[in-house]
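J.: Protein chains in written order, with full-length UniProt numbering: chain A, 1 to 216; chain B, 1 to 216; chain C, 1 to 216; chain D, 1 to 216. The beta carbon of each residue, even a glycine, is placed where N, CA and C say it ideally should be. Since the model is a prediction, treat every value here as computed from it, not as a measurement.
4 protein chains.
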Amino acid sequence: MTSETDDLNAIVRGARAEFREKQIVDAAVSLMQTKGSHAVSMQAIAKSAGVSVGLLYKYFSDREQIVLAAITRVLDDFRLRVPAAIQNADDPVDRIIAAFTEFCRVVDEHRLAVVLTYQSSRSLSRSGLQSIQSQELATLQPLIDVVDEAAARGDLREVDAGTLGHDLMTLAHMWALKHWYFQQTGVGLDRYIDRQVRTVIVGNLSDGARRRVGLD
Amino acid sequence: MTSETDDLNAIVRGARAEFREKQIVDAAVSLMQTKGSHAVSMQAIAKSAGVSVGLLYKYFSDREQIVLAAITRVLDDFRLRVPAAIQNADDPVDRIIAAFTEFCRVVDEHRLAVVLTYQSSRSLSRSGLQSIQSQELATLQPLIDVVDEAAARGDLREVDAGTLGHDLMTLAHMWALKHWYFQQTGVGLDRYIDRQVRTVIVGNLSDGARRRVGLD
Amino acid sequence: MTSETDDLNAIVRGARAEFREKQIVDAAVSLMQTKGSHAVSMQAIAKSAGVSVGLLYKYFSDREQIVLAAITRVLDDFRLRVPAAIQNADDPVDRIIAAFTEFCRVVDEHRLAVVLTYQSSRSLSRSGLQSIQSQELATLQPLIDVVDEAAARGDLREVDAGTLGHDLMTLAHMWALKHWYFQQTGVGLDRYIDRQVRTVIVGNLSDGARRRVGLD
Amino acid sequence: MTSETDDLNAIVRGARAEFREKQIVDAAVSLMQTKGSHAVSMQAIAKSAGVSVGLLYKYFSDREQIVLAAITRVLDDFRLRVPAAIQNADDPVDRIIAAFTEFCRVVDEHRLAVVLTYQSSRSLSRSGLQSIQSQELATLQPLIDVVDEAAARGDLREVDAGTLGHDLMTLAHMWALKHWYFQQTGVGLDRYIDRQVRTVIVGNLSDGARRRVGLD
DNA sequence: AATGAATGAGAGTTCATTCAT
DNA sequence: TATGAATGAACTCTCATTCAT
Numbered sequence: 001m002t003s004e005t006d007d008l009n010a011i012v013r014g015a016r017a018e019f020r021e022k023q024i025v026d027a028a029v030s031l032m033q034t035k036g037s038h039a040v041s042m043q044a045i046a047k048s049a050g051v052s053v054g055l056l057y058k059y060f061s062d063r064e065q066i067v068l069a070a071i072t073r074v075l076d077d078f079r080l081r082v083p084a085a086i087q088n089a090d091d092p093v094d095r096i097i098a099a100f101t102e103f104c105r106v107v108d109e110h111r112l113a114v115v116l117t118y119q120s121s122r123s124l125s126r127s128g129l130q131s132i133q134s135q136e137l138a139t140l141q142p143l144i145d146v147v148d149e150a151a152a153r154g155d156l157r158e159v160d161a162g163t164l165g166h167d168l169m170t171l172a173h174m175w176a177l178k179h180w181y182f183q184q185t186g187v188g189l190d191r192y193i194d195r196q197v198r199t200v201i202v203g204n205l206s207d208g209a210r211r212r213v214g215l216d
Numbered sequence: 001m002t003s004e005t006d007d008l009n010a011i012v013r014g015a016r017a018e019f020r021e022k023q024i025v026d027a028a029v030s031l032m033q034t035k036g037s038h039a040v041s042m043q044a045i046a047k048s049a050g051v052s053v054g055l056l057y058k059y060f061s062d063r064e065q066i067v068l069a070a071i072t073r074v075l076d077d078f079r080l081r082v083p084a085a086i087q088n089a090d091d092p093v094d095r096i097i098a099a100f101t102e103f104c105r106v107v108d109e110h111r112l113a114v115v116l117t118y119q120s121s122r123s124l125s126r127s128g129l130q131s132i133q134s135q136e137l138a139t140l141q142p143l144i145d146v147v148d149e150a151a152a153r154g155d156l157r158e159v160d161a162g163t164l165g166h167d168l169m170t171l172a173h174m175w176a177l178k179h180w181y182f183q184q185t186g187v188g189l190d191r192y193i194d195r196q197v198r199t200v201i202v203g204n205l206s207d208g209a210r211r212r213v214g215l216d
Numbered sequence: 001m002t003s004e005t006d007d008l009n010a011i012v013r014g015a016r017a018e019f020r021e022k023q024i025v026d027a028a029v030s031l032m033q034t035k036g037s038h039a040v041s042m043q044a045i046a047k048s049a050g051v052s053v054g055l056l057y058k059y060f061s062d063r064e065q066i067v068l069a070a071i072t073r074v075l076d077d078f079r080l081r082v083p084a085a086i087q088n089a090d091d092p093v094d095r096i097i098a099a100f101t102e103f104c105r106v107v108d109e110h111r112l113a114v115v116l117t118y119q120s121s122r123s124l125s126r127s128g129l130q131s132i133q134s135q136e137l138a139t140l141q142p143l144i145d146v147v148d149e150a151a152a153r154g155d156l157r158e159v160d161a162g163t164l165g166h167d168l169m170t171l172a173h174m175w176a177l178k179h180w181y182f183q184q185t186g187v188g189l190d191r192y193i194d195r196q197v198r199t200v201i202v203g204n205l206s207d208g209a210r211r212r213v214g215l216d
Numbered sequence: 001m002t003s004e005t006d007d008l009n010a011i012v013r014g015a016r017a018e019f020r021e022k023q024i025v026d027a028a029v030s031l032m033q034t035k036g037s038h039a040v041s042m043q044a045i046a047k048s049a050g051v052s053v054g055l056l057y058k059y060f061s062d063r064e065q066i067v068l069a070a071i072t073r074v075l076d077d078f079r080l081r082v083p084a085a086i087q088n089a090d091d092p093v094d095r096i097i098a099a100f101t102e103f104c105r106v107v108d109e110h111r112l113a114v115v116l117t118y119q120s121s122r123s124l125s126r127s128g129l130q131s132i133q134s135q136e137l138a139t140l141q142p143l144i145d146v147v148d149e150a151a152a153r154g155d156l157r158e159v160d161a162g163t164l165g166h167d168l169m170t171l172a173h174m175w176a177l178k179h180w181y182f183q184q185t186g187v188g189l190d191r192y193i194d195r196q197v198r199t200v201i202v203g204n205l206s207d208g209a210r211r212r213v214g215l216d
């Protein structure tokens with residue numbers, strides 16, 4: 001076999017592996033979303049993914065790795081999309097709003113996976129837990145940065161950037177965690193975002209900034 | 001046997017039942033806090049409570065009822081202590097702060113049980129879930145009331161009381177949910193409360209109220 | 001409940017436990033004898049013992065404990081019966097022969113369990129292995145003692161007691177390990193014992209002893 | 001393609017096949033020695049041999065054939081080396097000693113494979129078992145022959161050649177089977193051989209032979 | 001009222017074997 | 001000739017639940 005064919009094989013293998021992993025994590029996420037991570041067996045994941053149990057273990061060393069991969073997929077989306085949304089806005093205050101808005105949208109798209117993140121914490125190994133915690137910190141950072149930036153510009157009342165940033169993340173997560181409540185009270189995503197912006201962002205703007213953005 | 005003795009027996013029985021239930025739920029809570037609800041077996045609860053497995057089923061129809069009882073115990077504490085804390089303050093703004101502060105303190109005392117609440121949602125039966133959701137709404141109500149009250153007095157900027165109340169609950173819960181983060185950043189409970197008050201309460205006060213409480 | 005009933009309960013429990021353990025080990029031994037230890041599943045042991053899989057784990061913490069118990073049962077028989085057989089003989093040479101003969105008889109009765117002992121060595125945990133090794137040393141000791149005794153009386157040519165004792169044990173074990181060979185060559189237990197006595201015992205007697213026992 | 005090239009191809013194929021089989025059995029033996037035959041998977045053998053799982057099945061019809069090949073390799077060594085060692089000695093008694101000594105040396109070199117032989121017996125198919133049993137008989141024969149020869153020369157006390165020959169094999173095997181014991185008692189291979197010679201060979205020499213070899 | 005022995009379905013995981021490439 | 005992805009039955013072990021005492 002020539003090394004050219006070797007290369008091709010390697011590429012095919014890589015592509016297949018990627019495809020399989022996606023296939024498995026997709027199945028896992030969709031099952032876990034409806035029943036909770038603990039209620040989903042490897043047998044069920046295999047069946048839902050249309051592969052054998054054995055194959056699951058070819059791609060993931062154990063059950064935890066699948067859960068971890070499911071969580072990581074969501075967190076990756078945050079890391080990609082929130083900074084992109086920030087770049088599309090110029091005004092410091094608009095950048096905060098854009099960041100929070102996009103954060104909420106990602107949460108909404110992965111609503112049940114976000115819930116999964118909070119549910120799984122207790123059943124993960126120490127190293128698995130640390131891994132997702134550090135990834136989560138990475139999703140938080142852009143929010144803090146954008147708040148810091150606005151503060152430096154004098155657009156915010158005296159406020160702790162870490163706290164405000166973390167609150168924004170928290171409230172975005174809450175859209176998933178307490179979705180039953182918002183559904184019950186008839187609050188849609190856009191209204192939720194609007195109300196949170198008015199409650200935690202506008203309230204913390206300096207008088208000048210508040211007049212400028214005109215949301216009051 | 002006289003009916004008097006009957007009555008006495010009934011009382012004794014009732015007292016014993018109450019004692020047993022407490023004994024069992026205590027054991028369950030303490031085990032679940034360290035290992036997560038799913039990792040705790042009925043056998044382990046029985047052993048830790050110093051009773052037999054069989055007895056567990058005399059007092060609780062199945063495993064879920066024990067989990068539910070554990071969660072209910074925490075929620076009861078909220079319903080009892082937050083209104084009490086509110087009554088101890090007179091000024092509408094102080095009442096908001098007192099409510100939030102006490103809410104945070106209860107969360108802190110039952111930190112792992114609060115986490116349990118979020119974790120269990122997916123594995124509970126529909127009726128069990130509804131039960132704790134309605135109890136949770138009951139813990140939320142005092143926060144909304146106290147915000148409404150302040151708004152009626154003109155102490156708040158134009159703000160949605162439901163949103164602000166829910167945010168306060170959310171941020172109190174977050175003290176438990178993200179405890180690893182605050183520990184890592186060296187933030188203690190008192191500082192956490194102070195920062196949240198400055199970020200989400202003070203920011204939403206009307207100019208008059210802000211001047212009055214002098215937290216600015 | 002009185003402490004008398006408690007005592008009775010404890011006795012009943014103990015008796016039942018003993019009965020169950022015997023029941024399980026019996027089933028395990030008989031299955032392992034025909035198929036080899038590795039080929040016997042916990043399901044099969046449970047079924048053969050007429051109990052549930054779960055109960056197996058009530059009495060034995062894991063699979064290895066059952067294997068260990070099966071082996072220990074045979075080794076206990078050696079420790080009990082070989083010394084008894086020795087006591088029934090007076091002449092030092094007769095005592096060696098009696099010891100070896102009884103050793104062979106025990107092997108014959110537990111033939112397949114002896115094979116099990118040799119087979120299992122590799123799959124046992126370190127501590128399990130050490131446990132059966134030390135038990136085996138205990139079965140060896142009477143053979144060495146009896147040889148030493150005869151040597152002290154001047155009944156043996158100059159010979160290493162440890163070596164001769166260990167050889168006797170080895171050759172007794174071999175009756176089980178190579179049973180297919182003796183069956184093929186038409187050698188029964190009694191003839192096997194007789195030939196080994198002539199080959200390894202008589203050959204090592206001093207002239208005086210040889211004349212005395214008259215086996216030559 | 002000429003038939004000459006065909007021949008050449010056939011030779012190359014044969015050589016490759018032989019190489020592959022050796023490669024696979026080598027890997028299998030070395031893995032089984034450390035972990036026991038049952039603990040070694042086909043995947044592990046393939047990996048250790050540096051080939052694919054599929055290829056294993058091109059050269060061996062199933063797992064048992066690999067185990068069988070591993071055992072056969074050791075037994076082949078006995079068949080080759082023991083007769084060679086015998087030829088190097090002239091005196092009938094020396095020939096017995098030489099045969100036993102070499103037998104022990106081969107055992108020592110393949111210690112764990114010998115253990116494997118005893119362990120595998122129960123898990124082999126009937127035909128596989130018979131195959132190794134007949135090979136084992138072939139390793140035993142030279143020992144019996146050499147004893148017979150000495151007996152015919154009048155160098156042995158009246159003794160059963162089959163029994164003595166089999167005992168010699170047994171005691172050689174035991175060097176592997178009870179290696180933990182000899183290690184514990186600080187007995188090395190040479191001392192083990194020496195002691196066994198004194199115990200089972202010298203004891204069975206006729207007075208004349210004993211005087212001649214002067215080992216007494 | 002209380003026990004705990006007993007159950008058995010179902011969990012995660014492994015591995016001999018096959019087969020399309 | 002050689003690969004290794006894929007299979008799925010079988011493994012050990014757990015645990016919610018029952019029931020005779």
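Say whether the segment 4 to 16 of chain B touches the segment 187 to 196 of chain B, bearing in mind that this needs 3 or more beta-carbon pairs closer than 8 Å, one atom from each stretch.
T.: Judged by Cβ distances under 8 Å, the segment 4 to 16 of chain B makes no contact with the segment 187 to 196 of chain B, as fewer than three pairs qualify.
J.: Kindly list, in the order they appear in chain D, the residues whose Cβ is closer than 7 Å to that of Q133 (chain C).
T.: One-based indexing of the third sequence puts residue 133 (chain C) at position 133. The contacting residues are W180.
J.: List the whole-angstrom C-beta distance separating A69 (chain D) from V25 (chain D), where the pair is believed to meet the contact cut-off of C-beta under 8 Å.
T.: Here residue 69 (chain D) refers to the residue found at position 69 when the fourth sequence is read from its first residue. Here residue 25 (chain D) refers to the residue found at position 25 when the fourth sequence is read from its first residue. With a Cβ gap of about 5 Å, A69 (chain D) and V25 (chain D) count as contacting.
J.: Roughly how far, in whole angstroms, is the beta-carbon of V93 (chain C) from the beta-carbon of A150 (chain C), given that I think they are within contact range, below 8 Å?
T.: As a position in the third sequence, residue 93 (chain C) is number 93, starting the count at 1. As a position in the third sequence, residue 150 (chain C) is number 150, starting the count at 1. With a Cβ gap of about 6 Å, V93 (chain C) and A150 (chain C) count as contacting.
J.: Where in the UniProt domain "HTH tetR-type" (18 to 78) of chain D do unbroken runs of the alpha helix (DSSP H), each at least 4 residues long, occur, reported from the N-terminal end onward?
T.: Qualifying alpha helix (DSSP H) stretches, in chain order: 42 to 49 and 53 to 59.
J.: List the whole-angstrom C-beta distance separating T72 (chain C) from Q135 (chain C), where the pair is believed to meet the contact cut-off of C-beta under 8 Å.
T.: For the purposes of this step, residue 72 (chain C) is taken as residue 72 along the third sequence, with counting starting at 1. For the purposes of this step, residue 135 (chain C) is taken as residue 135 along the third sequence, with counting starting at 1. Confirmed, about 6 Å.
J.: Going by alpha carbons, who is nearest to S30 (chain A) out of A:P83, A:V67 and A:R157?
T.: Your numbering for residue 30 (chain A) matches position 30 in the first sequence. When each option's Cα is compared against that of S30 (chain A), the closest is A:V67.
J.: From L56 (chain C) to I132 (chain C), what distance separates their C-alpha atoms?
T.: Position 56 of the third sequence, counting from 1, holds the residue named residue 56 (chain C). Position 132 of the third sequence, counting from 1, holds the residue named residue 132 (chain C). For L56 (chain C) and I132 (chain C), the distance between alpha carbons rounds to 21 Å.
J.: Does DSSP put L124 (chain A) in a helix, in a strand, or in coil?
T.: Sequence index remark: in the first sequence, residue 124 (chain A) carries index 124 (1-based). Coil.
J.: Closest Cβ-Cβ distance between S123 (chain B) and chain A: below 7 Å?
T.: Position 123 of the second sequence, counted from the start, is the residue given in the question as residue 123 (chain B). Yes, because at least one Cβ of chain A sits closer than 7 Å to the Cβ of S123 (chain B).
J.: If you draw a straight line from the C-alpha of R210 (chain A) to the C-alpha of R198 (chain B), how long is it?
T.: In the first sequence, residue 210 (chain A) corresponds to position 210, counting from 1. In the second sequence, residue 198 (chain B) corresponds to position 198, counting from 1. So the alpha carbons of these two residues sit roughly 18 Å apart.
J.: Please report the residue range of the alpha helix (DSSP H) in which D160 (chain C) lies.
T.: As a first step, residue 160 (chain C) is located in the third sequence; it is residue number 160 there, counting from the start. No alpha helix (DSSP H) contains D160 (chain C), which DSSP labels as neither H nor E.
J.: Under 7 Å, Cβ to Cβ, is there at least one residue of chain D near V93 (chain C)?
T.: Residue numbering aside, residue 93 (chain C) sits at position 93 when the third sequence is read from its first letter. Chain D contact via Cβ: absent.
J.: Sort out for me which residues DSSP pairs L80 (chain A) with in a bridge.
T.: Position 80 of the first sequence, counting from 1, holds the residue named residue 80 (chain A). DSSP output for L80 (chain A) lists no bridge partner at all.
J.: Contact defined as beta carbons within less than 8 Å: I believe A99 (chain D) pairs with P142 (chain D). What is the distance between those atoms, to the nearest angstrom?
T.: The residue labelled residue 99 (chain D) in the question sits at position 99 within the fourth sequence. The residue labelled residue 142 (chain D) in the question sits at position 142 within the fourth sequence. The pair is a contact, with the Cβ atoms about 6 Å apart (cut-off 8 Å).
J.: Starting from L205 (chain D), follow its DSSP beta bridges and name the residues at the other end.
T.: Taking the first residue of the fourth sequence as 1, we reach residue 205 (chain D) at position 205. L205 (chain D) is bridged to D:L156.
J.: Which bits of chain A does Y59 (chain B) rub up against, with CB to CB less than 7 Å?
T.: Walking along the second sequence from the start, residue 59 (chain B) turns up at place 59. Neighbours of Y59 (chain B) on chain A: none; closest Cβ ~24 Å, over 7 Å.
J.: Find out if the Cβ-Cβ distance for the pair A176 (chain B), R111 (chain B) is shorter than 7 Å.
T.: Here residue 176 (chain B) refers to the residue found at position 176 of the second sequence. Here residue 111 (chain B) refers to the residue found at position 111 of the second sequence. Yes; because the gap between Cβ atoms is below 7 Å, this pair is in contact.
J.: Could you have a look at D90 (chain C) and say whether DSSP puts it in helix, strand or coil?
T.: Position 90 of the third sequence, counted from the start, is the residue given in the question as residue 90 (chain C). Correct three-state label for D90 (chain C): coil.
J.: Less than 7 Å between the C-beta atoms of Y59 (chain B) and R13 (chain B), yes or no?
T.: Locating residue 59 (chain B) in the second sequence gives position 59, where the first residue counts as 1. Locating residue 13 (chain B) in the second sequence gives position 13, where the first residue counts as 1. No, these two residues do not count as a Cβ contact at 7 Å.
J.: Counting only Cβ-Cβ distances shorter than 8 Å, please list the residues of the segment 181 to 196 of chain D near chain C, keeping chain order.
T.: Answer set for the segment 181 to 196 of chain D: Y181, T185, R195 and Q196.
J.: Out of A:R95, A:L168, A:R212 and A:I11, point me to the one whose CA is closest to residue 221 (chain A)'s CA.
T.: Residue 221 (chain A) lies beyond the range of chain A shown here (1 to 216); nothing can be said about it.
J.: How about G165 (chain C): is its C-beta nearer than 7 Å to some C-beta of chain D?
T.: For the purposes of this step, residue 165 (chain C) is taken as residue 165 along the third sequence, with counting starting at 1. Answer no: the Cβ-Cβ gap between G165 (chain C) and chain D never drops below 7 Å.
J.: In three-state DSSP terms, what is M1 (chain A)?
T.: As a working note, residue 1 (chain A) is residue 1 in the first sequence. Low local confidence applies: a pLDDT of 45 at M1 (chain A) is under 50, so the model's placement there is unreliable, with the coordinate-based value given in what follows. Looking at M1 (chain A) - three-state DSSP - the assignment turns out to be coil, as it is neither helix nor strand.
J.: Strictly under 7 Å for the Cβ-Cβ distance: is G214 (chain A) near chain B by that measure?
T.: The residue given as residue 214 (chain A) occupies position 214 in the first sequence. Output row for G214 (chain A): interface = no.
J.: What three-state label does DSSP hand G14 (chain D) in the structure shown?
T.: By one-based count along the fourth sequence, residue 14 (chain D) stands at place 14. Helix.
J.: To the nearest angstrom, how far is it from the Cα of I45 (chain C) to the Cα of S123 (chain C)?
T.: The residue labelled residue 45 (chain C) in the question sits at position 45 within the third sequence. The residue labelled residue 123 (chain C) in the question sits at position 123 within the third sequence. Near 18 Å, if we compare the C-alpha coordinates of S123 (chain C) and I45 (chain C).
J.: Under 7 Å between the Cβ atoms of T139 (chain B) and F182 (chain B)?
T.: On the second sequence, position 139 is the one that residue 139 (chain B) refers to. On the second sequence, position 182 is the one that residue 182 (chain B) refers to. Not closer than 7 Å, so no.
J.: Any idea if R95 (chain A) is buried or exposed, counting beta-carbon neighbours within 10 angstroms, 16 or more meaning buried?
T.: Stepping through the first sequence from its first residue, residue 95 (chain A) is reached at position 95. Buried: at least 16 other Cβ atoms inside 10 Å.
J.: Mind checking if residue 220 (chain B) is an interface residue toward chain A, Cβ cutoff 7 Å exclusive?
T.: Outside the displayed span of chain B (1 to 216) sits residue 220 (chain B), for which this structure offers no information.
J.: When you compare only the Cα positions, how much space is there between V114 (chain A) and L75 (chain A)?
T.: For the purposes of this step, residue 114 (chain A) is taken as residue 114 along the first sequence, with counting starting at 1. For the purposes of this step, residue 75 (chain A) is taken as residue 75 along the first sequence, with counting starting at 1. Roughly 9 Å separates the two Cα atoms.
J.: If we count the other Cβ atoms within 10 Å of its Cβ and call it buried at 16 or more, is G54 (chain B) buried or exposed?
T.: To locate residue 54 (chain B), count along the second sequence from 1; it is residue 54. Classification of G54 (chain B): exposed, given that the 10 Å Cβ count is below 16.
J.: Roughly how many whole angstroms lie between the Cα atoms of Q87 (chain B) and I144 (chain B)?
T.: The residue you call residue 87 (chain B) lines up with position 87 of the second sequence. The residue you call residue 144 (chain B) lines up with position 144 of the second sequence. Taking the straight line joining both Cα atoms gives about 15 Å.
J.: What three-state label does DSSP hand V114 (chain B) in the structure shown?
T.: Looking up residue 114 (chain B) in the second sequence gives position 114. Reduced to three states, the DSSP call for V114 (chain B) is helix.
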